[in-house]
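One structure is given below, encoded as structure tokens.
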Amino acid sequence: MTLAVQFTDVSRVFGDVKAVDRVSIDIQDGEFFSMLGPSGSGKTTCLRLIAGFEQPSAGSIRIHGAEAVGLAPYQRDVNTVFQDYALFPHMNVRDNVAYGLKVKGVAKSERLTRAEEALGMVALGGYGERKPAQLSGGQRQRVALARALVNRPRVLLLDEPLGALDLKLREQMQGELKKLQRQLGITFIFVTHDQTEALSMSDRVAVFNKGRIEQVDSPRNLYMKPATPFVAEFVGTSNVLRGELAQQLSGSAQPFSIRPEHIRLQDGLSQAAASGEVEISGLLHDIQYQGASTRYEIRLENGQNLSVSQANNQWQDSTLAHQPGQRVTARWAREAMIVLRDNAPREGL
Amino acid sequence: MQLSLNAPLPRPTAGPLHRLANLLYRKPNLYLAMLLLPPLLWFGAIYFGSLLTLLWQGLYTFDDFSMTVTPELTLANLKALFQPANYDIILRTLCMAVAVSLASAMLAFPIAYYMARFTTGKTKAFFYIAVMMPMWASYIVKAYAWTLLLAKGGVAQWFVDQMGLAPVLQFILGIPGVGGSTLSTSHLGRFLVFVYIWLPFMILPIQAALERLPPSLLQASADLGAKPWQTFVQVILPLSIPGIAAGSIFTFSLTLGDFIVPQLVGPPGFFIGSMVYVQQGAIGNMPMAAAFTLVPIVLIAIYLAIVKRLGAFDAL
């Protein structure tokens with residue numbers, strides 16, 4: 542399988558801020574690849590490096606095998622869907638979509654046909670005459686998508702394209718983007734800070750933190766086998782236990798993560814733990830009813846908080862079983878504990 | 005511990021000032037009316053009213069023999085605008101206004117572009133001051149200074165001689181409609197002074213328009229394969245046209261109404277402004293002066309209609 546985009550030790554420095562710090566990634570041709578991270582983690586800078594809006598301070602970027610460092614955006618076979626859509630306000634929708642073809646000198650009749658085709662692909666046929674200002678946010682987003690896809694790029698870059706949409710529309714667009722990507726078979730590189738979005742759409746996800754990549758993996762592995770405390774806490778919610786407590790529970794000083802939904806709750810003090818199980822008691826101090834599940838917050842003896850989530854999958858309401866102020870025991874299977882790489886002090890920094 | 009949300013709110017004091025404040029809060033339109041009344045009175049009565057009175061006087065009769073104005077309505081003054089002598093004045097002023105606007109736009113655009121896209125902080129402040137500073141000096145002094153700069157033996161002449169371009173200047177000054185005996189008595193000289201004086205009025209609106217241009221639009225254009233010149237022609241220029249239009253409205257109307265530069269620089273011959281000045285000042289023919297005042301108003305109305313037709317305001 543060929544690589545769509547390959548980063549080798551890429552850094553981008555702004556003043557004395559390392560926005561991207563020695564990042565290496567291999568993005569396969571035809572995959573839906575997400576870059577996930579909090580704001581300022583370097584994911585958008587990586588996208589801009591691929592598009593050519595930024596040049597790396599060091600390292601090599603290859604797009605379909607060819608070195609891209611030094612190439613201007615208009616010399617690259619990639620297209621971008623911008624966060625603010627960046628539609629040209631003085632052109633109607635059709636001219637916006639046909640723009641890429643126009644500047645490349647495609648004949649008028651062909652570019653109009655292709656623009657109409659691209660608009661049809663995003664279910665906006667017949668909107669060609671409208672100005673971007675006359676469209677809703679969701680429609681503008683589709684126009685931006687059509688405008689990028691009409692050029693038949695081999696790599697499509699999406700910079701938090703769903704961020705400005707409301708929840709229902711966002712979920713709908715997630716499904717449509719995924720479908721579109723499968724149909725077209727081109728590489729999608731999707732930047733987002735929303736972990737649900739990244740998990741539900743992607744073939745693989747890279748988790749960014751402070752300019753570096755913490756983990757690149759499939760959504761399932763990212764959730765089930767987080768490699769670092771950051772990934773464990775950023776992707777879904779997690780209890781990360783460290784130090785003495787970790788030693789006592791897992792027998793190793795390495796930090797480990799336990800998901801709230803993998804913990805079971807019992808009233809009262811700890812009894813003898815079943816084999817292959819770990820248990821710890823604490824004070825239940827808060828209960829949040831969340832519909833499909835209920836979240837219990839437990840204060841452990843060393844003051845640390847432990848979140849426990851219990852599914853409300855019985856017709857009875859399990860919330861009534863526990864009361865704040867009660868002493869409870871939390872127990873979980875040994876295999877549910879995921880030992881994390883404690884990467885706080887990094888080599889070479 | 006029981007927290008109560010029923011704590012009594014502090015009772016609103018019932019003073020007249022409070023009641024007024026409450027009234028204004030409940031009736032926002034009243035508030036708006038109070039706020040707008042003074043400027044509307046000023047604008048309506050003093051500004052607009054006096055303009056209408058002036059134009060109305062354009063219909064009064066001026067008696068050439070007794071040099072008196074009588075309030076008998078006539079269209080003679082408006083008809084007189086189309087006499088060849090007056091028509092020439094209008095045409096001369098109009099051509100100058102168009103030429104000045106075009107040249108200002110071409111000179112202003114690169115400066116405005118640089119200011120909007122490549123300067124920040126202190127550099128930007130420096131450019132603002134550099135553009136505005138000429139406006140702080142008295143306009144008449146600047147016009148006089150230019151008569152000296154452009155005079156025979158002046159700085160401009162010296163510079164042209166140093167460059168060895170004297171024959172070129174002589175040739176240009178020989179072109180009818182452009183030239184004159186020296187730079188300071190030529191149409192070209194007058195044009196240069198006009199462009200100098202009105203340039204800031206062109207730079208600032210274009211700069212404002214370019215500043216509003218989101219950088220992502222330019223990135224999107226490059227991303228879609230447009231080379232820099234294509235981005236300029238397809239995106240930057242169309243979106244800066246509202247700014248150019250706004251600037252040209254300034255340069256165009258200011259040139260149409262000016263009466264000082266045409267007197268100080270350039271060949272003899274009236275401009276609309278100087279004609280108005282002479283008619284109402286030296287001759288006392290207020291009705292004819294008022295009729296002339298109508299000309300720039302009509303020309304600018306036509307100009308705005310054309311600009312609007314061209315779609316300059318679509319991107320606003």
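Chains as they are written, first to last, in my numbering: chain A, 542 to 890; chain B, 5 to 320. For each residue, glycine too, the CB sits at the ideal point set by N, CA and C. Everything numeric in this text was worked out from a predicted model, so none of it was measured.
Contacts with chain A at 8 Å (Cβ-Cβ) do not include Pro209/B. Chain order gives no chain B residues near Thr585/A, where near means a beta carbon separation below 9 Å; the closest approach is about 12 Å.
For Val696/A, the uninterrupted beta strand (DSSP E) run begins and ends at Val696 to Asp700, by DSSP.
A direct Cα-Cα distance of roughly 27 Å separates Ile754/A from Leu686/A. Classified as buried, Lys584/A has 16 or more neighbouring CB atoms from the shown chains inside 10 Å of its CB. Per DSSP, the beta-bridge partners of Gly823/A are Leu841/A and Val869/A. Taking C-beta atoms as the reference points, Leu590/A and Ile568/A fail to come closer than 8 Å. Leu260/B is bridged by DSSP to nothing; it lacks a bridge partner. With the rule of 3 Cβ pairs closer than 8 Å, the segment 640-651 of chain A does not count as touching the segment 666-677 of chain A. The C-beta of Pro246/B has 16 or more other C-beta atoms within 10 Å across all chains shown, which makes the residue buried.
Lys559/A is bridged by DSSP to Val554/A. Residues of chain B with a Cβ closer than 7 Å to the Cβ of Phe731/A do not exist; the shortest Cβ-Cβ separation is about 16 Å. Within the segment 662-689 of chain A, Arg688 and Ala689 place their CB atoms closer than 8 Å to a CB of chain B, listed in sequence order. The C-beta distance from Ser743/A to Phe548/A rounds to 17 Å, too long to meet the 8 Å contact threshold. About 4 Å separates the beta carbons of Arg683/A and Val663/A, which is inside the 8 Å limit, making them a contact pair. With contacts defined as CB atoms closer than 8 Å, Asp707/A and Phe623/A fail to qualify as a contacting pair.
Identification of residues in the segment 633-653 of chain A having a C-beta nearer than 9 Å to some C-beta of chain B yields Tyr640, Gly641, Leu642, Lys643, Val644 and Lys645, given in sequence order. Within the segment 550-573 of chain A, no residue has a Cβ lying closer than 9 Å to any Cβ of chain B.
In this structure the segment 160-180 of chain B does not touch the segment 252-269 of chain B; the number of beta carbon pairs closer than 8 Å is below three. The beta carbon of Thr728/A does not come within 8 Å of any beta carbon belonging to chain B, so the residue lies off that interface. With a beta-carbon spacing of about 28 Å, Ile94/B and Ile207/B fall beyond the 8 Å limit used to define contacts. The DSSP assignment places 265-268, 276-282 and 290-313 as complete runs of the alpha helix (DSSP H) inside the segment 247-315 of chain B, in order along the chain (cut-off: 4 residues).
When the five nearest sequence neighbours on each side are left out, the beta carbons in the same chain lying within less than 7 Å of the beta carbon of Gly578/A are those of Lys584, His734, Val748, Phe749 and Asn750, in order along the chain. For the segment 281-296 of chain B, the set of positions with a beta-carbon nearer than 7 Å to some beta-carbon of chain A is empty. Contact with chain A is absent for Ser244/B, since none of that chain's Cβ atoms lies less than 8 Å from the residue's Cβ.
Note on geometry: alpha-carbon atoms of Arg805/A and Ala560/A lie some 41 Å from one another.
A straight-line Cα-Cα distance of about 18 Å links Asn633/A and Ser220/B. From the beta-carbon of Asp827/A, no residue of chain B is found nearer than 7 Å; the closest lies around 17 Å away.
Contact annotation: Ala852/A and Ala833/A have beta-carbon atoms nearer than 8 Å. Here the alpha carbons of Val299/B and Tyr148/B stand approximately 27 Å from one another. Three or more Cβ pairs closer than 8 Å define a contact, and the segment 104-120 of chain B meets that threshold against the segment 234-251 of chain B. Linking Ala226/B to Val237/B through their CA atoms gives a straight-line distance of about 12 Å.
Beta-bridge analysis with DSSP links Asn846/A to Arg840/A. Contact with chain A is absent for Ala212/B, since none of that chain's Cβ atoms lies less than 8 Å from the residue's Cβ. Distance from the CA of Asn854/A to the CA of Arg761/A, rounded to the nearest whole angstrom, comes to 23 Å. Along the length of the segment 19-85 of chain B, whole beta strand (DSSP E) runs at least 3 residues long occupy 65-67 and 72-74, reported in chain order.
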